[in-house]
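All residue numbers for the sequence shown refer to our numbering, where the first residue is 88 and numbers rise by one. For every residue, glycine included, the Cβ atom is placed at its ideal position computed from N, Cα and C. Notes follow once the structure below has been shown.
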Amino acid sequence: MKRMIRGAIAVLVASGICFLSQGLVHAQVQAGRIVGTVYDPQHANVPGASITVTDVATNLARKVTADGSGDYVVTPLQPGVYSVSASSAGFQTTIRNGVELTVAQAARVDLELRIGETTTQVEVTSEAALLATESATLGQSISTKQITDLPLNGRKFTELGRMTPGVTFLPATGNVQRVRPEQVNGNVISGVPGSQTTFLLDGVDVTEQHQGGTWIQTSVDALQEFSVMQNAYSAEYARAGGSFNVTTKSGTNKLYGNAFEFLRNAKMDSRDFFQPARAVLKRNQFGGTLGGPVLIPHVYDGRNKTFFFASYEGERTRQGLIFNSIVPTAAMRDGNFSAAGLNRVMDPLSTTGTSNVRTQFPGNIIPANRLAPQALFFNKYIPLANAAGNSAIFSPSYSYDQDQWTFRGDQELNSNNKLFLRVSLVRNTDTTPAAFPALGSTSLSGPARNIAGAVTSNLRANMIHELRFSFLYGEYRSDAYFMGQGADFNKAAGLTGLEGSQDASISSLPAFSWTGYAGFSGNAGDGRPKWQNRSANELTDNLTWIKGKHIVKVGTRIHYYKPLFTDSRSHNGVYNYTGIATEQPASTAGTGDGFADWMLGYPANATRGNPATWWGGFGTYWHFFLQDDVKISNRLTLNLGLRYEYTPWLNGYRGQVATFDPSVAKSIIVASKTDKLDLDAQPLAKVGYDIYKDLIQTSSQAGLPLSITEQSRNNWAPRVGIAWRPFGDKTVVRAGYGIFYESEGTSGRLNFNFLPYSVTETINADRGVRPTRTTANFFLGAPFGSAATVANWIPVPKTVRYPYDQHWNIGIQQQLLQKVVLEVNYVGNRGLFLPSTNNINFPTAAAGTIQTRRPYPRFGTIAYNTQDAASIYHSLQAKLEKRLSAGFWTMFAYTWSKSIGFNPTPAVGGNYAYERALTGFDVPQNVAISFGYDIPFGKGRQFLNSNAFADRILGGWQMQGIWNYRSGTPYTPTVSRDVANNGIGGQRPNRIASGKLANPTLDLYFDKAAFVVPANFTYGNSGGNVLRRDYIANMDFSLFKVFTITERTKLQFRAEAFNLSNTAYFSAPNSNIDVAAGGRVTSTSNSPRQMQLALKLSF
């Protein structure tokens, strides 16, 4: 490995010397190329022809010479419009104008030379390439006009990914607040989750590796174009998911720009299906762009060589949210559960006999003297119902402010040397209210910045060197504000056992949950305040060599990543009430209520943990690739690639990483260069060390690296693709296969539950007996970190094999008409060694104390990071595209697919054999139809083109739209209580019928009678994801008119509607089959109709 690193450094040093000797150059990162053949009227090849490719916007030209076969390649080239000319002695000069090149495209431009004088020019207007004749890579390019003209709610370009076959646009996952990068990780590309999607901005990686998405959300008016790529068979590309490959605009020889404002408010919107009135909304998005040559009168004329581009966009949103929470009634807060439809409430203190039989409270009412003081104290934070079905519906105000800037410069020193530099800045704040008014709000912010640059040198006519760099930094900050903040709630309520874990400087509420009801979650009780810093620095070095029929590209990527975190965690306690204290142990059906347990003060389990100061990791990734695109013949191109990735597990910051080894006497192995641990890294590290020091050894003692995990070094990724035109220029057959390594992310690697630095203790109450653990004293006086309690943790594995996907596709492109092309592909992938979590301390299902049934009784959950999961995806993907002609363009994208995988966290006895099922993002049918149409009235159009008055009123109108249909995603039925008595939630029922209803309603969306609660101390037989939620069919539409002010100045007025038909589609229902609220739908999966107006001045 050291030899490999030294070799890579030597390559970089040599590249730097070449760079300095050649001068700075403009990087065409992830750029395209123009290839072609020059031939005479008899179609004989013309060798040695002179080829000139000129960027129309900047007048920058590249010149090459066709080889002995008449073939030529011009690379790298930015996306844009080019003219291509060819000349040779004895022939007229042929010029092909209007050649459009998209991101990373290989466009074929064949040129015919006619007999005649070279000074005679033959000009031909080029049609945009309809077929991908040089690569097996699948994808779709979205032009700058489509980006700015199509309706975009929130102006996020990633939403246009749904125009691409194989792309499913789903809600984001993980922490999805708008200030975080995860807000755009919902695009599932060909069965690979959005957390694996790569975001490339001007060729540099701006992906957030922790949970997916991107830190840098660039204004759509600053984008030249972007492409969605899947199954990218060039070895240059990393990661298993698809990619959003985006380029920003650059300056041109003419000054250009715009200013815009987009307005939304509640008066233009419809009300939510579950809300009696429209939610408050005021949103303004505003900004502008400016680009052109650098001109300093009498000092410097930058036309044809020095260009700038700048962009600013701001947003100010004030929005009413809708929270629909099922809450206990006023009677239930007094202990009265006598209302119809409620389960029988049994008295836990009446437990008698060997079968643990309990008697019901008379009238199903808990006596007043039995009510827990803690419940009476905290009940004031729970709102009363204000709608049918015990629903508490509130519409508090949410605020979001964002400012984003982009600055870009381009410099051409000479025909061989160019330079590019971009700075992107994002600043945002988000104040989100809680579902319960008394729980206040959370203040979030997520500033980020990216500095990127690139250089390119034409070392020789057939050799191009590229060097690019990126510095990416992002933060996430979170604080909570709530009623009574600053008070010691635990002391006031009489909660004990949290004194050792509490941080007096952090004011927060305990967290409470009650099965069947909304609990304290999402704000004060979930571990705030937090602070996260993530930095990623990247250097890539590529060399392209064009030799005969080969285009060879070799490159290196060095990526340094350092994520750091803080978290107040569960220092104030987390308590869960599931109904086990008030059920009938011998026959649980129809008995027990989670809120009744709360009122009596008997939790099912509780957790306490120490607050964390800075923790995280750091490491350097080394990637190398070799790509050879071979032109076997004029009709057959072969893409051959090989990639190697060394992506080590991160070293723990200040040594804060550990593993568990059950095969040795000392089971906890902690990272340390020496035999000394940094116990000052966390305030309570010494507490954890004192408890477990007899089990601890250091990584140096165990012979392990500082990352603990022995690195995987056999990560080779071969790739092959073909593009074949068997019947002429209107048919292309394409096929490919490749291995793509997944990004492991850092959640599993850096989850802070590492002993001894983090001590998180979870205690489970004994089920079916007289309870002894109460809300007031659940930890029975045992000090935090004492041997009387047990710690949960997530150790990293000692060995690992990196997860990877095998991707393949075969298909055909057929040009049907001059501007119409049909594409049909079979696309599949298989995921192997995918991340999973294996609880190696899973208790057996049985009666009695949970802890005694664990393999390692000194610990609670030991959630070992493993690679035991797998997946398989098959699909038919089709696209019918009509390019713009007669004022109309359209694209039809269709995907028919099936996605199967394993639940990464087994719910049935820790056994993966039960977990193979449809994935949570399986969407069998997915259709997207997009279009644009110039309404044929007014100047230059079919009707009323000579009537100036009619033109002012009716002329210049255009409409654009996207209609999308997708099947509903699957979900899993569950039982609300701990039937197996293992302390783990999300258990499954027994399935005795399909569970599907012919006519589902919002009160009963699935057949609860098809599922029954399993017998005590057993697991249900129902599989995962056996039910499916509502589908979605949505139409977004825009209508706009362009007013001409001067020849170069225009004003656009636009009106947009999202969910034009105002149709409600519903989220998954409550999945618990054994509670009254089970099967009920309380929210929609889409927004009601929303309308937006905008003005844009451009010049």
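query	result
Cβ-Cβ distance between Ala535 and Trp302 below 7 Å	yes
Backbone secondary structure at Leu1180 - three-state DSSP	strand
Proximity to Thr847 [Cα-Cα], best of Val661, Thr339, Phe1153	Val661
Own chain, CB closer than 6 Å to Gly681, minus 5 neighbours either side, in chain order	Trp601, Thr602, Gly603, Tyr664, Thr665, Gly666
Beta-bridge partners of Pro1057, as assigned by DSSP	Arg1115
Per-residue DSSP class, three states only, for Asn629	strand
Collapsed DSSP secondary structure at Leu218 in the structure displayed	coil
Status (buried if at least 16 other CB within 10 Å, exposed otherwise) for Ile1040	exposed
Within 7 Å, strictly: CB atoms of Gln296 and Ser830	yes
With 16 other Cβ atoms within 10 Å as the buried cut-off, status of Glu204	exposed
Ile234 - DSSP class collapsed to helix/strand/coil	helix
Coil, strand or helix - Pro672 by DSSP	coil
Lys636 in three-state terms, based on DSSP	coil
Per DSSP, cross-strand counterpart(s) of Thr643	Asp628, Phe711
Short Cβ contact (7 Å threshold) for Trp1050 with Met978	no
Candidates Asn184, Tyr740, Pro454, His710: closest to Arg800 by CA position	His710
Proximal residues to Gly1165 (C-beta, below 6 Å), its chain only, five neighbours per side dropped	Lys1095, Asn1157, Asn1159
Residues near Phe866 in its chain [Cβ-Cβ closer than 6 Å; skip 5 each side]	Gly584
Residues of its chain near Leu218, where Cβ-Cβ distance is below 7 Å and the 5 sequence neighbours each way are ignored	Val819, Gln900, Gln902, Val908
Where Ser337 sits in the DSSP three-state scheme	coil
Residues bridged to Gln489 [DSSP beta-bridge criterion]	Glu402, Asn515
Residues near Thr139 in its chain [Cβ-Cβ closer than 6 Å; skip 5 each side]	Ala148, Lys150, Ser172
As assigned by DSSP and simplified to three states, the class of Gln1139	strand
Beta carbon of Thr678 nearer than 7 Å to that of Asn430	yes
Residues near Ala1017 by beta carbon distance below 6 Å, same chain, minus five either side	The identity of residue 1017 in the sequence shown is Ser, whereas the question assumes Ala. For Ser1017, where only same-chain residues beyond five positions count, the Cβ hits under 6 Å are Met250, Met978, Ile1049.
Host beta strand (DSSP E) of Thr577 (start-end)	Note that residue 577 is Asn in the sequence shown, not Thr. Premise fails: Asn577 lies in the alpha helix (DSSP H), 576 to 580, not in any beta strand (DSSP E).
DSSP-derived helix/strand/coil call for Pro770	coil
Coil, strand or helix - Tyr943 by DSSP	coil
The region 340 to 359 / the region 1166 to 1181 touching (three or more Cβ pairs under 8 Å)	yes
Residues of its chain near Gly790, where Cβ-Cβ distance is below 8 Å and the 5 sequence neighbours each way are ignored	none
Selected residue, minimal CA-CA separation from Ser437, among Ser720, Asn411, Ile453, Leu626	Ile453
Nearest-angstrom beta carbon gap, Ala194 and Gly119 [assumed within contact, 8 Å]	7 Å
Limits of the unbroken beta strand (DSSP E) element including Gln30	Nothing about residue 30 can be read from this structure; the chain reaches only from 88 to 1186.
Whole-number beta carbon distance between Asn692 and Ala579, since they are thought to touch under 8 Å	So it is not a contact: roughly 23 Å between Cβ atoms.
Three-state class that DSSP yields for Phe349 in the structure shown	strand
Delimiting residues of the alpha helix (DSSP H) encompassing Gly1194	No answer is possible for residue 1194: it lies beyond the span of the chain, which begins at 88 and ends at 1186.
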